[in-house]
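> In the UniProt record's numbering, the protein residues as written are 1 to 200. Provided herewith is a single structure, encoded as structure tokens, for subsequent inquiry.
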Ligand SMILES: N[C@@H](CCC(=O)N[C@@H](CS)C(=O)NCC(=O)O)C(=O)O
């Protein structure tokens, strides 16, 4: 088994999907939680000056989705064909489009402008993405693609908290209930359940 160290801040953010996948794969790993005071020292020593970062047998890699996709391949969570893999990528990218649109507004420093941008996006932008993703998940029996568990489900399970933070719609879970089905499917896997209980 390779020696794996996974480094991210002490939140779910962009890191949890990878922690969940490593747990699913039965990979022993050091779950290194970076503190904000120690980060400036580590930052220049990481591949892209950002976290998460995974070290596999001493070699460093960055980018959460690249890591999640790699772990998906490793643990048989990419379907059977290149087209299966494409379908997962397509749907994960749609989710990321939504999160990035939300994050762009979330980072706006002018509070009045932020409020206006959010009001507009909540009315005209976010619902289209959320409806589409909700219907994709419904059609796939509580999964993001292929009608079965794939690495994309771990992205939803890990990142849904971040999504809710940057897409502030209080009724999001009631209006788009399919997301919770993915989360429940992932967290009902015994190793993931045990991991999540150990982190409480
Ligand atoms: N596209 C990158 C984004 C990573 C990213 O934005 N990381 C943030 C934390 S969520 C970070 O490292 N912030 C600290 C910094 O940039 O100094 C990924 O998905 O890994």
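Where a beta carbon is used, it is the ideal one built from N, C-alpha and C, also for glycine. Bear in mind the structure is a predicted one, so any value in this text is a computation, not a measurement.
DSSP on residue 32, reduced to helix/strand/coil?
Looking at residue 32 - three-state DSSP - the assignment turns out to be strand.
> Pick helix, strand or coil for residue 189, following the three-state DSSP scheme.
Three-state result, residue 189: coil.
> Would you check whether ligand 1 has a heavy atom nearer than 7 Å to the C-beta of residue 38?
For ligand 1, not one heavy atom lies less than 7 Å from the Cβ of residue 38.
> Could you give the uninterrupted runs of the alpha helix (DSSP H) lying entirely in the UniProt domain "GST N-terminal" (2-79), keeping only those of 4 residues or more?
Segments of the alpha helix (DSSP H) lying fully in the UniProt domain "GST N-terminal" (2-79): 16-24, 39-42, 64-74.
> Kindly indicate which residue of 87, 200, 189, 199 has the alpha-carbon position closest to the one of residue 26.
The candidate whose alpha carbon is nearest that of residue 26 is 189.
> To the nearest angstrom, how far is it from the Cα of residue 121 to the Cα of residue 168?
For residue 121 and residue 168, the distance between alpha carbons rounds to 10 Å.
> Among all residues, which have a Cβ less than 5 Å from at least one non-hydrogen atom of ligand 1, and in what chain order do they fall?
That query returns the following residues: 13, 14, 50, 51, 63, 64.
> When we look at the beta-carbon of residue 16 and count the other beta-carbons within 10 Å, is it buried (16 or more) or exposed?
Buried, by the Cβ-count rule.
> So residue 81 is in the alpha helix (DSSP H); what residue range does that whole segment cover?
From DSSP, residue 81 is part of no alpha helix (DSSP H); its letter is neither H nor E.
> Return helix, strand or coil for residue 96, following the three-state DSSP convention.
Reduced to three states, the DSSP call for residue 96 is helix.
> Do the CB positions of residue 201 and residue 47 come within less than 8 Å of each other?
No answer is possible for residue 201: the residues shown for the chain start at 1 and end at 200.
> Which residue comes first and which comes last in the alpha helix (DSSP H) that contains residue 153?
Where residue 153 is concerned, the enclosing alpha helix (DSSP H) stretches over 151-166.
> Between the alpha carbons of residue 59 and residue 2, how many angstroms are there, rounded?
Each residue's alpha carbon lies about 11 Å from the other.
> Buried or exposed: residue 35, going by 16 or more other Cβ atoms within 10 Å of its Cβ?
Per the 10 Å Cβ criterion, exposed.
> I'd like to check one pair, residue 172 with residue 181: are the Cβ atoms closer than 8 Å?
Not closer than 8 Å, so no.
> Going by C-alpha to C-alpha distance, which of 75, 178, 145, 123 sits closest to residue 160?
Comparing Cα positions, the closest option is 178.
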